[in-house]
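Chemist:
2 protein chains.
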Amino acid sequence: MRDTYQEQLDELASGLADMCDDVARAMARATTALLEADLQLAEQVISEDIKIDDVRAAAEHRAFGLLALQAPVATDLRVVVAAIHGAGDIERMGDLALHVAQAARRRHPQTVLPDEVKSYFAEMGRVGVELAEKAGRVIRTRDLDAANELEADDDAVDDIHQHMFTVLMDRNWTHGVSAAVDVALLARFYERYADHAVAVARRIVYVVTGQMPGPLAV
Amino acid sequence: MRDTYQEQLDELASGLADMCDDVARAMARATTALLEADLQLAEQVISEDIKIDDVRAAAEHRAFGLLALQAPVATDLRVVVAAIHGAGDIERMGDLALHVAQAARRRHPQTVLPDEVKSYFAEMGRVGVELAEKAGRVIRTRDLDAANELEADDDAVDDIHQHMFTVLMDRNWTHGVSAAVDVALLARFYERYADHAVAVARRIVYVVTGQMPGPLAV
Chain A
3 MRDTYQEQLD ELASGLADMC DDVARAMARA TTALLEADLQ LAEQVISEDI KIDDVRAAAE
63 HRAFGLLALQ APVATDLRVV VAAIHGAGDI ERMGDLALHV AQAARRRHPQ TVLPDEVKSY
123 FAEMGRVGVE LAEKAGRVIR TRDLDAANEL EADDDAVDDI HQHMFTVLMD RNWTHGVSAA
183 VDVALLARFY ERYADHAVAV ARRIVYVVTG QMPGPLAV
Chain B
3 MRDTYQEQLD ELASGLADMC DDVARAMARA TTALLEADLQ LAEQVISEDI KIDDVRAAAE
63 HRAFGLLALQ APVATDLRVV VAAIHGAGDI ERMGDLALHV AQAARRRHPQ TVLPDEVKSY
123 FAEMGRVGVE LAEKAGRVIR TRDLDAANEL EADDDAVDDI HQHMFTVLMD RNWTHGVSAA
183 VDVALLARFY ERYADHAVAV ARRIVYVVTG QMPGPLAV
């Protein structure tokens, strides 16, 4: 039995929203793995990334099929194009969670982060996961107020990201070059993760309003 | 006078190929600015990034118009979808060139890089620019051999990127934490730039063959 057109569109959106939940879970686990040097959890994130890649490929395939067979227009077309973009952003969020997990694995049984910065990463992780979950909700509900919330959350991650550099450049940094490089790159992974979540939400604003809200995240 | 369908498709592709040339030029200039602490050149890259963003928006608009009005199928549809992805990748390459230029500006009149790593960045810059130019040629010609060449070039950038970390972690690194963080992040910008060029070429392989060659760059 073949799905109706509207069902196919709904499946595309709900598949994407589920993908947001997947990468939220991946980042939650990766952050715990990072903070607690939990190798098993790191391995789990690493081995499950391939599933996120597969879901992205399936979403793209579904979007392509809709374009080819249904030739959607207007809002429906915006949904499909937003899904193509969104699938890319969300897969990238999965990759960034993967990078965090890989850092945790690389330094195991040591922890990657000096104690003095752990709370910042806990916070970036917490807000990042929330951003991914909110992006999923925005896809499901097309709630523009929720979409706007993501921008403020993203600013919080940007602020911590910036602050990490202040900490690293401080002459009281006693943890050496290797730890500093890890902190700088990891902070960037969280910042990029948040940027992609915002990009997903902005695409949904575009679906609803026909206008992109501001520039895409840099 | 309205363009014909085929002309619109050709314009979409040639606009994208031109965008590759733009981001190649941006990265060439950003690399010179970085290596020679050339503030004027850095400022130029920074001020011109907005143009690349505009070209991306125009490409997306054109792609959307084609989907809405022409409902392309088969290879033509693959071209349009590849263009949507490609525009995103190429704009990101422009952002990464921008980040390199911003680093050069931030440390001016100092140079960002210790002398001992400059040659590596010159090489990553050279190969990166070449990758962007080749991606443009692949879009124009759909030459699959050229597309495959990009994978080998990308491996060269990955190797240098990896080597940079070996240099940073070496106990003979005498340039301190700040320079190490700059080197690590800049090396990552070049690596990501190369990854996006490869992703563009892979999308063209998909246009021609209907098959994606391997996973997308992580």
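Here the protein sequences line up with chains A and B, keeping their order.
The numbering of the first sequence is my numbering, which starts it at 3 and goes up by one.
The numbering of the second sequence is my numbering, which starts it at 3 and goes up by one.
Glycine residues also receive a C-beta, built at the ideal position from the N, C-alpha and C atoms.
Measure from the C-beta of Leu-14 of chain A to each C-beta in chain B and report whether the shortest distance is under 8 Å.
Modeler: No, Leu-14 of chain A does not count as interfacial toward chain B.
Chemist: With a threshold of 7 Å on Cβ separation, who are the neighbours of Met-214 of chain B within its own chain once the five nearest residues in sequence on each side are excluded?
Modeler: So the list reads Arg-204, Tyr-208, once near-sequence residues are dropped.
Chemist: Should Met-95 of chain A be flagged as near chain B, meaning a C-beta pair shorter than 8 Å?
Modeler: Judged by the 8 Å Cβ criterion, Met-95 of chain A is not in contact with chain B.
Chemist: With DSSP run on the structure shown, which of helix, strand or coil describes Leu-100 of chain A?
Modeler: Looking at Leu-100 of chain A - three-state DSSP - the assignment turns out to be helix.
Chemist: Taking the alpha carbon of Ala-199 of chain B as the point to measure from, which residue in B:Ala-73, B:Glu-153, B:Glu-50, B:Met-166 has its own alpha carbon closest?
Modeler: Comparing Cα-Cα distances from Ala-199 of chain B to each of B:Ala-73, B:Glu-153, B:Glu-50, B:Met-166, the minimum goes to B:Glu-153.
Chemist: Once the 5 residues before and after Gly-17 of chain B are set aside, which same chain residues still bring their CB inside 8 Å of it?
Modeler: Only Val-57, Ala-60, Ala-61, Arg-64 meet the Cβ criterion.
Chemist: Measure from the alpha carbon of Asp-156 of chain A to the alpha carbon of each residue in A:Gly-138, A:Gly-130, A:Gly-212, A:Arg-27, then state which is nearest.
Modeler: Looking at the Cα atoms, A:Gly-130 is the closest of the given residues.
Chemist: Counting only beta-carbon separations shorter than 8 Å, does Met-126 of chain B have a partner in chain A?
Modeler: So, not an interface residue.
Chemist: Are three or more beta carbon pairs between the region 100-108 of chain A and the region 104-111 of chain B nearer than 8 Å?
Modeler: As far as the Cβ criterion goes, the region 100-108 of chain A does not touch the region 104-111 of chain B, which means the pair count is below three.
Chemist: When you compare only the Cα positions, how much space is there between Leu-115 of chain B and Asp-160 of chain B?
Modeler: Near 19 Å, if we compare the C-alpha coordinates of Asp-160 of chain B and Leu-115 of chain B.
Chemist: From this set, B:Gln-8, B:Met-171, B:Asp-117, B:Asp-23, which residue's C-alpha is nearest Ala-89 of chain B's C-alpha?
Modeler: It is B:Asp-23.
Chemist: Would Val-169 of chain B count as contacting chain A if we go by Cβ distances under 8 Å?
Modeler: For Val-169 of chain B, the answer is no, since every Cβ of chain A falls outside 8 Å of its Cβ.
Chemist: Assign Gln-10 of chain B to buried or exposed, taking buried as 16 or more other Cβ atoms, counted over all protein chains shown, within 10 Å of its Cβ.
Modeler: The residue is buried, with at least 16 neighbouring Cβ atoms inside 10 Å.
Chemist: Could you check what DSSP says for Asn-174 of chain B in three-state terms: helix, strand or coil?
Modeler: Asn-174 of chain B falls in the coil class under three-state DSSP.
Chemist: How close, in whole Å, do the beta carbons of Arg-194 of chain B and Leu-98 of chain B come, if the pair is a contact with beta carbons under 8 Å?
Modeler: The pair is a contact, with the Cβ atoms about 6 Å apart (cut-off 8 Å).
Chemist: At the level of alpha carbons, what is the spacing between Arg-139 of chain B and Arg-142 of chain A?
Modeler: When rounded, the distance between both Cα atoms is 40 Å.
Chemist: Could you check the C-alpha separation between Val-183 of chain B and Ala-44 of chain A for me, to the nearest Å?
Modeler: One C-alpha to the other measures close to 24 Å.
Chemist: Are Val-102 of chain B and Phe-191 of chain B close, meaning C-beta to C-beta below 8 Å?
Modeler: Yes, they are a contact pair.
Chemist: If contact means a Cβ-Cβ distance below 7 Å, which residues of the region 60-76 of chain A contact chain B?
Modeler: Those residues of the region 60-76 of chain A that come within reach of chain B (Cβ to Cβ, closer than 7 Å) are Phe-66, Leu-69, Ala-70, Ala-73, Val-75.
Chemist: Are the CB atoms of Val-25 of chain B and Ile-48 of chain B nearer to each other than 8 Å?
Modeler: Their beta carbons are not under 8 Å apart, which means Val-25 of chain B does not touch Ile-48 of chain B by this criterion.
Chemist: How about Trp-175 of chain A and Val-179 of chain B: are their beta carbons less than 8 Å apart?
Modeler: Contact flag set, yes.
Chemist: Within 8 Å (strictly less), CB to CB, does Glu-107 of chain B reach chain A?
Modeler: Contrary to the premise, residue 107 of chain B reads as Arg rather than Glu in this sequence. With 8 Å as the cut-off, Arg-107 of chain B does not count as an interface residue toward chain A.
Chemist: If you measure between the beta carbons of Glu-151 of chain A and Lys-136 of chain A, is that distance less than 8 Å?
Modeler: Contact flag set, yes.
Chemist: Taking 7 Å as the limit between beta carbons, can you name the residues of its chain near Leu-69 of chain A, skipping five residues before and five after?
Modeler: Hits under 7 Å: Val-82.
Chemist: Between the alpha carbons of Arg-144 of chain B and Phe-66 of chain A, how many angstroms are there, rounded?
Modeler: Going by the C-alpha atoms only, they are around 21 Å apart.
Chemist: Locate the alpha helix (DSSP H) running through Asp-40 of chain B, then write down its first and last residues.
Modeler: Per DSSP, Asp-40 of chain B belongs to no alpha helix (DSSP H) and is neither H nor E.
Chemist: Looking at the C-beta of His-165 of chain B, does it have a partner C-beta in chain A at a distance below 8 Å?
Modeler: No - not a single Cβ of chain A is within 8 Å of the one on His-165 of chain B.
Chemist: Applying the 10 Å Cβ sphere with the 16-neighbour rule, what's the burial state of Gly-127 of chain B?
Modeler: Under this definition Gly-127 of chain B is a buried residue.
Chemist: For Asp-51 of chain A, count neighbouring C-beta atoms within 10 Å of its own C-beta (all shown protein chains included) and say buried if the count is 16 or more, exposed if not.
Modeler: Classification for Asp-51 of chain A: buried.
Chemist: Can you name the residues of chain A whose CB is closer than 7 Å to the CB of Val-183 of chain B?
Modeler: What Val-183 of chain B touches in chain A: Leu-170, Ala-182, Val-183, Ala-186.
Chemist: Looking only at its chain, what residues have a beta carbon closer than 6 Å to the beta carbon of Met-29 of chain A, apart from the 5 residues adjacent to it on each side?
Modeler: Cβ neighbours of Met-29 of chain A beyond the five flanking positions: Ala-99, Gly-130, Val-131.
Chemist: Just by C-beta distance, which residues in the region 189-202 of chain B are closer than 8 Å to chain A?
Modeler: Listed by position, the residues of the region 189-202 of chain B near chain A (Cβ gap below 8 Å) are Arg-190.
Chemist: Under 8 Å between the Cβ atoms of Leu-71 of chain A and Ala-186 of chain B?
Modeler: No, these two residues do not count as a Cβ contact at 8 Å.
Chemist: Does the distance from the C-beta atom of Ala-189 of chain A to that of Met-166 of chain A stay below 8 Å?
Modeler: It is a contact, given that the beta carbons lie within the stated cut-off.
Chemist: Taking Val-202 of chain B and Asp-91 of chain B to be in contact with their CB atoms under 8 Å, please state how far apart those CB atoms are, rounded to whole angstroms.
Modeler: Yes, they are in contact, since the Cβ atoms of Val-202 of chain B and Asp-91 of chain B sit about 5 Å apart, within 8 Å.
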